[in-house]
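Q: Quick mapping for you: the protein sequence lines, in order, are chains A and B.
All residue numbers for the first sequence refer to my numbering, where the first residue is 1452 and numbers rise by one.
All residue numbers for the second sequence refer to my numbering, where the first residue is 53 and numbers rise by one.
Sending over a structure as structure tokens; questions will come in a sec.
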Amino acid sequence: MAEKLPMLALSPTMEEGTIISWKKKEGEKVEMGEVICEVETDKAAMEYESPASGVLLKILVPEGKTARVGEPIAILGEEGETLDLETEEQPKVEAQPAEVEGASKSSIEKTPEKAEKAHETTVEEQSKRLKISPLAKKLAEEHGIDVSKIKGSGPGGRIIKRDIEAAISSTTLTPPAGIIKPAIASAETSEIQEIPITQKRKIIAKRLSESKFSAPHYYLRTKVIVDELMKTRRILEEETGMKISFNAFLIKLVAEALKKHPRINASWGEDKILLYKRIDIGLAVAQEDGLITPVVRDCGSKGILKISEELKDLIERARQGRLNPEEYTGATFTISNLGMFDIEEFTAIINPPASAILAVGKIHDEPIVEDGEIHIHLVIRLTLSCDHRVIDGAVGAAFLQDLKRMIEMPLRTLL
Amino acid sequence: MAMITFREALRQAMDEEMARDERVILIGEEVGEYNGAYKVSQGLLEKYGPERVIDTPISEEGFTGIGVGAAIAGLRPIVEWMTFNFSLMAIDQVINNAAKMLYMSGGQFNVPIVFRGPNGPAECLAAQHSQALQSIYAHVPGLKVVAPSTPYDAKGLLKSAIRDDNPVIFLEAELMYSWKGEVPEEEYLIPIGKADIKREGKDVTVITYSKPLKSVMEAVDALSEEGIEVEVVDLRSLRPLDEETIYRSVRKTNRCVIVEEAWPVASFGSYVGWLVSKNTFDYLDAPVELVSMEDVPMPYNHTLELAAQPTTDKIVSAIKKVLYL
């Protein structure tokens, strides 16, 4: 019966060998112990002696070519045996998984097809069998880890405790392994300062990652002239004798624009979209150890003075860290203003459950061409981030256009 | 506390029990005039006289049978075998009479007897005189089997063995006789059937008993320098076995290595391995490892003799194996 002759390890450290020359031709008789080819190893040229007597039926690795140890280089059999060449043409492809079962892998038997199939089944069954330690299995069940997606680090790919622990920690707080690596090699760890993660930082990380990874963001930018708004603000401040913050104006005007575009004041609910009747606008406020978004409730039915007053109180308490949870959760729309840091424009991450956030840049002078002439105006740049699952591009753009027009001429809120 | 040898701890235990109960006698080869082949019974003949410290001819089956008969008749004999290799001559008396009598007499005859002596290899004693036979005795229902590893445990357990109403196999080792350890002046007993945690740790449980404890502790000390914390469970008693202590430890560490001085086939350690696999299956993160003697008659050549035993190196590599290191 025909058998494959594998590349042998002809030196203790040899991993592959190159056939220098074949001493026998295909069809030639070979005695056991006779040299059939010369092999160049990592050390020297060695003679390959035939392990059995027979006829060299087929040379699989021609002169000058290389085979890894264990890969078949030729087929030895009896005179007159025929070969199914198709299955023998690609020795390399076969050689890899077959090595375990090399003995049963003689595909030039009388019934090659059957042998082939039987062999494939066993290999397949073996690779399907999941190797996992009892403890790892129990841990995976307790934490709802899908073990079929885990690559075991134990012998033979066995999944063990540390693999499950790694999977648990990567599904909770830390980002998937491999994405974030320290920028400095471990030898220089003295150059790295570790800051323990506060609960607040964990929540910020979790909520914003969730938002950015699950809500498909798109961004709309526009430039808004605020001369008129600043004038209005001055007039109202003079009349009331009170300071009214710019953000209060923005909140009021956004609320008015939202009334006209209720699709913006909404949430993605997986199998439904939730439209909110009440307009609750959050304003991102920086804190020493993070940020927080106090919410002014029902902005649609409140006057600018009330909004300004509430906002002042909320911001003050936010900076002191004295807000109650219900005062900084559940905004239906969010505004983030980095104008005080001289930022001209930026994009913000949507703050769930809202579906849009408005990023506001600094108020500054800018030359603007109007009717062929250059005029200097006070300008802000707005960037609206929208969740495309809820707000399509045209819907978001229409809202932003209305908002722009209201800011440029606050009288339009009367329309 | 006084530092005394294992040998002295055994002598103190027999001395105290002989003083406490005049039914306790010592019988065996060289136990009297020669003060014991390993000097364990030093001074006992002088103190208790030839009626209670009895030198016998070289006739293991004979004096073991006399001991069993004396126990049935009401005495509490300590039978000293010069080594457990010679106990093979007397094993019929142990298995068929001592171990069975209570059962076959329907509870009428207790056999309160202790069979004690050195077990396992010493040095260059060759194949017939280097055998560790605890698995054979632990195999037999009706026997208790005790195997201490320190002078403290040896004294407390031997006293309990002498007071026990059942036949107790008490395993010592020639090389252990000169080991020293702290033993208190005041009297104490250690109950048979309680394991002892010789070192607490969280990473891996090593279960052992008797002489290999020393190699285990050397391995544990070496590994602690690598930050590996090994918990060492010293069984002290094979029958009855303190299973709960074993399981509690393995549930904590999720890994188990058993180290014993015995051939691996059908050994006591392989029985413990089965118990651990069966009863802590869901807690195991690696297969249970067994470090035993090699499955060969003990070579006379000293290098081979050492290589046939559970060495510190073998223990370290087994521990690393279950830790996947």
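The beta-carbon is built from N, C-alpha and C at its ideal position, and this holds for glycine as well.
Since the structure is predicted, the reported quantities are computational estimates derived from the model, not experimental observations.
Would residue 273/B be called buried (16 or more neighbouring beta carbons within 10 Å of its own) or exposed?
A: Residue 273/B comes out exposed.
Q: Would you kindly work out how many angstroms separate the C-alpha atoms of residue 180/B and residue 314/B, rounded to a whole number?
A: Their Cα atoms are separated by approximately 14 Å.
Q: Do you know offhand how far residue 1654/A's Cα is from residue 281/B's?
A: Between residue 1654/A and residue 281/B, the C-alpha separation is close to 35 Å.
Q: Work out the CA separation of residue 80/B and residue 134/B for me, nearest whole Å.
A: Near 8 Å, if we compare the C-alpha coordinates of residue 80/B and residue 134/B.
Q: So what does DSSP say about residue 1788/A, is it helix, strand or coil?
A: Of the three classes helix, strand and coil, the one that applies to residue 1788/A here is strand, per DSSP.
Q: Can you tell which of 1648/A, 1706/A, 1619/A, 1511/A has the C-alpha that lies nearest to the C-alpha of residue 1727/A?
A: Checked all of 1648/A, 1706/A, 1619/A, 1511/A; the closest Cα to residue 1727/A is 1706/A.
Q: So what does DSSP say about residue 222/B, is it helix, strand or coil?
A: It is a strand residue.
Q: Who are the neighbours of residue 1584/A on chain B, taking C-beta pairs under 8 Å?
A: Those are 336, 337, 338, listed as they occur along chain B.
Q: Between the Cα of residue 1778/A and the Cα atoms of 1835/A, 1732/A, 1805/A, which residue gives the shortest distance?
A: The option with the nearest alpha carbon to residue 1778/A is 1732/A.
Q: Output the distance between the C-alpha atoms of residue 1613/A and residue 271/B, rounded to the nearest integer angstrom.
A: Looking at the two C-alpha atoms, the distance is approximately 24 Å.
Q: Give a single yes or no on whether residue 264/B has its beta carbon closer than 7 Å to a heavy atom of the ligand NAP.
A: This structure simply doesn't include the ligand NAP, nor any ligand for that matter.
Q: Does the beta carbon of residue 333/B sit closer than 8 Å to a beta carbon anywhere in chain A?
A: Chain A, which has a Cβ nearer than 8 Å to the Cβ of residue 333/B, makes this yes.
Q: Pairs of beta-carbons, one from the segment 238-251 of chain B and one from the segment 169-186 of chain B, closer than 8 Å: are there three or more?
A: Cβ pair count under 8 Å is below three, so no.
Q: Excluding five sequence neighbours on each side, which residues of the same chain lie with their C-beta closer than 8 Å to the C-beta of residue 292/B?
A: If we look at residue 292/B and ignore the five residues flanking it on each side, its Cβ neighbours are 196, 244, 245.
Q: Are the beta-carbon atoms belonging to residue 174/B and residue 182/B less than 8 Å from one another?
A: Yes, the pair counts as a contact, with Cβ atoms nearer than the cut-off.
Q: Pull up the distance between the alpha-carbon of residue 300/B and that of residue 256/B, whole angstroms please.
A: Whole-angstrom Cα-Cα distance: 12 Å.
Q: Would you list, in chain order, the members of the segment 277-309 of chain B that have their beta-carbon closer than 8 Å to a beta-carbon of chain A?
A: Taking 8 Å as the Cβ-Cβ cut-off against chain A, the residues of the segment 277-309 of chain B that qualify are 306.
Q: Does the contact criterion of 3 or more C-beta pairs under 8 Å hold for the segment 1511-1522 of chain A versus the segment 1454-1469 of chain A?
A: At 8 Å Cβ cutoff, the stretches touch.
Q: Please list, in chain order, the chain B residues whose beta carbon lies closer than 9 Å to that of residue 1605/A.
A: The contacting residues are 337, 338, 376.
Q: Alpha carbon to alpha carbon, how far is residue 1796/A from residue 277/B?
A: Each residue's alpha carbon lies about 57 Å from the other.
Q: Do the CB positions of residue 1484/A and residue 1500/A come within less than 8 Å of each other?
A: Going by C-beta atoms, residue 1484/A is nearer than 8 Å to residue 1500/A.
Q: Check whether the segment 1659-1678 of chain A touches the segment 1846-1859 of chain A, counting contact only when three or more Cβ pairs, one atom from each stretch, lie closer than 8 Å.
A: The answer is yes - the segment 1846-1859 of chain A touches the segment 1659-1678 of chain A, with three or more Cβ pairs under 8 Å.
Q: Taking 8 Å as the threshold (C-beta atoms), are residue 1619/A and residue 1583/A in contact?
A: No, they are not a contact pair.
Q: Using a beta-carbon distance below 8 Å, is residue 1611/A in contact with chain B?
A: Chain B, which has a Cβ nearer than 8 Å to the Cβ of residue 1611/A, makes this yes.
Q: Within the 8 Å Cβ cut-off, does residue 1602/A reach chain B?
A: No, because no Cβ of chain B sits closer than 8 Å to the Cβ of residue 1602/A.
Q: Please report how far the alpha carbon of residue 1475/A lies from the alpha carbon of residue 1487/A, in whole angstroms.
A: Their Cα atoms are separated by approximately 5 Å.
Q: From the beta carbon of residue 363/B, is the nearest beta carbon of chain A less than 8 Å away?
A: No, its Cβ sits nowhere closer than 8 Å to a Cβ of chain A.
Q: Could you tell me the distance, in whole angstroms, from the CA atom of residue 370/B to the CA atom of residue 1581/A?
A: Each residue's Cα considered, the two are about 24 Å apart.
Q: Check whether the segment 1783-1803 of chain A and the segment 1735-1743 of chain A touch, using three or more Cβ-Cβ pairs below 8 Å as the test.
A: Result yes; three or more Cβ-Cβ pairs closer than 8 Å.
Q: Look up residue 1674/A in the DSSP assignment and give the residues it is bridged to.
A: In DSSP, residue 1674/A forms a bridge with 1832/A.
Q: For residue 1850/A, does the count of other Cβ atoms within 10 angstroms reach 16, so buried, or fall short, so exposed?
A: With 16 or more other Cβ atoms within 10 Å, it is buried.
Q: Rounded to whole angstroms, what is the Cα-Cα separation between residue 1764/A and residue 1751/A?
A: Straight-line Cα distance between these residues: approximately 19 Å.
Q: Would residue 1587/A pass as an interface residue toward chain B - the criterion being a Cβ-Cβ separation below 8 Å?
A: Cβ-Cβ to chain B under 8 Å: yes for residue 1587/A.
Q: By the three-class DSSP mapping on this structure, what secondary structure does residue 1864/A have?
A: Residue 1864/A: helix per DSSP, three-state reduction.
Q: When the Cα atoms are used, what is the spatial distance from residue 262/B to residue 54/B?
A: Those two C-alpha atoms are separated by around 21 Å.
Q: Whole alpha helix (DSSP H) runs in the segment 114-165 of chain B with 4 or more residues, listed along the chain?
A: Qualifying alpha helix (DSSP H) stretches, in chain order: 136-144, 153-156.
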